[in-house]
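Quick note on this note's numbering: the sequence shown kicks off at 2 and runs consecutively. The C-beta atom is built at its ideal place from N, Cα and C for all residues, glycine as well. Values in this document were obtained by computation on a predicted structure and should not be read as measured data.
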Amino acid sequence: MNTTTELNHDHCSSDEYNEKHSAKSVVVAGEGQTEGLAKVEAVQRVWGPKSRIAFWVGIALISYVYSLDGETTYTYQTYATSSFNQHSLLGAIATAQAIILACMKPVAAKIADTFGRAEAFTFLVFFYCLGYILLASCTDINTYAAGGIIYYVGYSCLEILIQIIIGDVTNLRWRSLLSSLYSLPFLVNWAVASNISADVLAQSGWRWGYGMFAIIVPAAVAPITITLYWAQHRAKKLGVVATNINDATGEVDAPRIVSNQPFLLKFWNFLIDMDALGLLIFAAGWACLLVPLTLVNGAYTTWNSPSIIAMLVCGGVILIGFVPYEAYVAKIPVFPLAFFKNPTILFPAFIGFFDFVSFYLQYTYQYSFIFVTRDWSTVDQNYFAYTQTLALTVFGILTGFVQAYTRRTKWLLTLGLCIRLLGVGLMIKSRGAHGSTGFLVICQVLQGLGGGIAACSSQLLAQGSVRHQDLGTATAFVLLWAAIGNAVGSALAAAIWRDYMPKQLSQNLNGLLNSTEIDTIYSSIVTAVTYRSDEAVYNGIITSYDYTMKILLIVATVVAVIPVGLSLFVKDMYLSDKYVVHSFLQFIYS
Numbered sequence: 002m003n004t005t006t007e008l009n010h011d012h013c014s015s016d017e018y019n020e021k022h023s024a025k026s027v028v029v030a031g032e033g034q035t036e037g038l039a040k041v042e043a044v045q046r047v048w049g050p051k052s053r054i055a056f057w058v059g060i061a062l063i064s065y066v067y068s069l070d071g072e073t074t075y076t077y078q079t080y081a082t083s084s085f086n087q088h089s090l091l092g093a094i095a096t097a098q099a100i101i102l103a104c105m106k107p108v109a110a111k112i113a114d115t116f117g118r119a120e121a122f123t124f125l126v127f128f129y130c131l132g133y134i135l136l137a138s139c140t141d142i143n144t145y146a147a148g149g150i151i152y153y154v155g156y157s158c159l160e161i162l163i164q165i166i167i168g169d170v171t172n173l174r175w176r177s178l179l180s181s182l183y184s185l186p187f188l189v190n191w192a193v194a195s196n197i198s199a200d201v202l203a204q205s206g207w208r209w210g211y212g213m214f215a216i217i218v219p220a221a222v223a224p225i226t227i228t229l230y231w232a233q234h235r236a237k238k239l240g241v242v243a244t245n246i247n248d249a250t251g252e253v254d255a256p257r258i259v260s261n262q263p264f265l266l267k268f269w270n271f272l273i274d275m276d277a278l279g280l281l282i283f284a285a286g287w288a289c290l291l292v293p294l295t296l297v298n299g300a301y302t303t304w305n306s307p308s309i310i311a312m313l314v315c316g317g318v319i320l321i322g323f324v325p326y327e328a329y330v331a332k333i334p335v336f337p338l339a340f341f342k343n344p345t346i347l348f349p350a351f352i353g354f355f356d357f358v359s360f361y362l363q364y365t366y367q368y369s370f371i372f373v374t375r376d377w378s379t380v381d382q383n384y385f386a387y388t389q390t391l392a393l394t395v396f397g398i399l400t401g402f403v404q405a406y407t408r409r410t411k412w413l414l415t416l417g418l419c420i421r422l423l424g425v426g427l428m429i430k431s432r433g434a435h436g437s438t439g440f441l442v443i444c445q446v447l448q449g450l451g452g453g454i455a456a457c458s459s460q461l462l463a464q465g466s467v468r469h470q471d472l473g474t475a476t477a478f479v480l481l482w483a484a485i486g487n488a489v490g491s492a493l494a495a496a497i498w499r500d501y502m503p504k505q506l507s508q509n510l511n512g513l514l515n516s517t518e519i520d521t522i523y524s525s526i527v528t529a530v531t532y533r534s535d536e537a538v539y540n541g542i543i544t545s546y547d548y549t550m551k552i553l554l555i556v557a558t559v560v561a562v563i564p565v566g567l568s569l570f571v572k573d574m575y576l577s578d579k580y581v582v583h584s585f586l587q588f589i590y591s
């Protein structure tokens with residue numbers, strides 16, 4: 002158990018107290034506690050009013066930019082891939098990004114726990130900026146893909162770090178609500194981002210849409226990073242640092258600070274702690290298994306190609322070998338065995354996996370479908386693309402209030418998944434260029450409603466079943482499986498798209514266009530919409546898109562049934578007011 006020296010803030014401010022009692026204020030690093038966690042607990046004892054304000058301003062800035070990033074750059078990728086006449090590779094790039102998204106979550110959590118929260122933010126900014134610079138300056142699809150993958154290293158880290166630091170300062174009862182409020186800027190950016198991305202595409206092009214975030218992100222992350230570095234420095238200066246307790250004497254020994262080790266030794270221990278080899282094996286296995294699905298099409302690469310067969314076999318063997326490696330070789334496994342024995346963590350992780358498989362089956366090419374089949378303005382297309390995100394945000398926040406009031410969340414999880422299943426199923430009927438726009442939007446709202454409820458509930462259940470020192474690992478575990486679901490869903494979507502779309506275009510445009518023109522339509526959505534004036538050709542294109550999207554939706558609906566069934570086996574828990582690290586209200590007002 003961790004032992005801490007209690008700090009009384011009843012009669013003086015945090016800053017005054019620490020100035021008076023700096024020699025006695027210590028945070029004891031108990032068994033299993035890392036330097037990063039010790040820094041968290043030390044930092045929270047030196048907050049003053051100004052530093053708290055800076056902290057929450059930093060959270061607000063990051064949340065806004067994170068929202069603006071997600072709601073603008075999503076629209077650029079279809080234009081970017083089409084500009085290289087490689088639109089069909091959108092699924093392959095999305096799959097590779099999703100694998101990175103999954104595997105970087107444990108890395109980010111371990112960086113935060115080992116080195117500190119501020120150091121983790123510095124790490125993510127570097128990769129965020131490097132990725133966007135490559136995306137903005139790329140001259141071919143290979144460089145674009147590389148930039149997208151590097152950018153996702155930073156994106157993945159930012160996603161989980163925000164969840165971790167919110168978990169640091171909140172209790173179970175209010176944590177889901179605070180995590181949902183982090184998405185509040187989506188309510189504003191739903192309208193703002195649509196106009197921004199439309200103006201960028203019309204005036205500057207998609208490259209500047211990526212490039213401007215290489216400037217915006219460092220500026221947005223700077224306040225919270227500087228605040229955390231300052232607090233860590235202040236804690237060390239005042240003596241509020243992690244220490245050892247001598248079990249024999251009960252006295253405080255020399256501080257247990259990992260940073261006193263030589264850098265190479267510290268880095269080696271870090272690699273062992275995060276199971277770097279295990280993550281590499283895990284990522285390689287999924288890449289070999291999923292990427293071939295995105296590359297096969299009937300014309301050029303077939304399922305019986307030696308390279309495809311070799312990758313699929315290698316992927317399966319590697320993932321099978323990953324299991325005994327984690328069980329018998331890894332000193333600190335990526336997936337702690339205790340998590341697989343804890344259904345309150347395991348079931349939310351698998352629910353997230355199948356939910357994301359279903360979501361990305363229909364989401365990967367959704368914008369492309371709307372772009373071609375609906376004669377909407379760019380702004381209206383963007384409004385539609387973010388309708389589900391808007392609903393996710395609104396109902397996620399409302400779910401947080403309901404959880405805080407009822408102190409239960411399992412029933413919300415099952416309800417949310419059922420609503421999302423309804424929304425996905427109804428989309429099968431709503432698809433089509435001549436269908437009702439209102440019905441299509443309602444389906445998006447239903448998916449967002451159900452998804453917002455389910456997402457808040459599943460992660461909260463997992464976090465509530467572990468100790469604070471395992472909070473980051475448990476959060477990473479759940480989000481990792483969701484990201485793998487993202488990868489699987491994107492890969493399946495790409496496989497279906499690359500298999501059905503060329504055949505459908507050839508069948509429906511036979512006699513109207515030659516094979517070269519048909520290939521061009523398949524490779525670029527921008528080219529596809531240029532045939533709107535030719536009714537016969539355009540109807541053939543719409544029919545092809547309709548049929549392919551219908552297949553994607555049927556598969557997505559079938560998969561969406563699985564999380565509903567799994568939710569019935571999740572154990573409910575009482576959402577108490579017990580503080581994980583520090584009272585949230587005290588954190589704000591003390």
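Looking at residue i: is its Cβ nearer than 8 Å to the Cβ of residue j?
i: residue 486; j: residue 448; result: no
i: residue 415; j: residue 110; result: no
i: residue 295; j: residue 96; result: yes
i: residue 400; j: residue 413; result: yes
i: residue 92; j: residue 498; result: yes
i: residue 226; j: residue 55; result: no
i: residue 184; j: residue 397; result: yes
i: residue 461; j: residue 404; result: yes
i: residue 365; j: residue 545; result: no
i: residue 79; j: residue 369; result: yes
i: residue 147; j: residue 208; result: no
Please go through the same chain and pick out, in chain order, the residues whose beta-carbon is closer than 6 Å to the beta-carbon of residue i, but skip the five residues on each side of it.
i: residue 285; result: 319
i: residue 100; result: 284, 287, 288 and 488
i: residue 198; result: 73, 76 and 383
i: residue 392; result: 446, 449 and 450
i: residue 563; result: 355
i: residue 571; result: 348 and 411
i: residue 164; result: 476
i: residue 307; result: none
Taking DSSP as the reference, what is the three-state secondary structure of residue i?
i: residue 511; result: strand
i: residue 186; result: helix
i: residue 275; result: coil
i: residue 584; result: The predicted position of residue 584 is uncertain, since its pLDDT is 31 and thus under 50; a value taken from the coordinates is nonetheless stated next. If DSSP states are grouped into helix, strand and coil, residue 584 belongs with coil.
i: residue 571; result: coil
i: residue 209; result: helix
i: residue 1; result: Lying before the first or after the last residue shown, residue 1 is absent from the chain, which here runs from 2 to 591.
i: residue 376; result: coil
i: residue 140; result: coil
i: residue 545; result: helix
i: residue 123; result: helix
i: residue 204; result: helix
i: residue 415; result: helix
i: residue 410; result: coil
i: residue 534; result: coil
i: residue 164; result: helix
i: residue 382; result: helix
i: residue 87; result: coil
Following the continuous alpha helix (DSSP H) through residue i, name the residue where it begins and the one where it ends.
i: residue 332; result: Careful: residue 332 lies outside any alpha helix (DSSP H) and carries neither H nor E.
i: residue 57; result: 50-84
i: residue 106; result: 91-115
i: residue 263; result: Run containing residue 263: none; DSSP gives neither H nor E here.
i: residue 231; result: 214-239
i: residue 361; result: 344-364
i: residue 406; result: 388-407
i: residue 517; result: 516-524
i: residue 438; result: 438-464
Could you pull out every residue in the same chain whose Cβ sits closer than 8 Å to the Cβ of residue i, ignoring the five residues on either side in sequence?
i: residue 555; result: 429
i: residue 273; result: 332 and 333
Go through its chain and collect everything with a Cβ distance to residue i's Cβ below 7 Å, but skip five positions before and after it.
i: residue 166; result: 118
i: residue 158; result: 105, 109, 121, 124 and 125
i: residue 529; result: 373, 522 and 542
i: residue 89; result: 498, 499, 523 and 524
i: residue 426; result: 558
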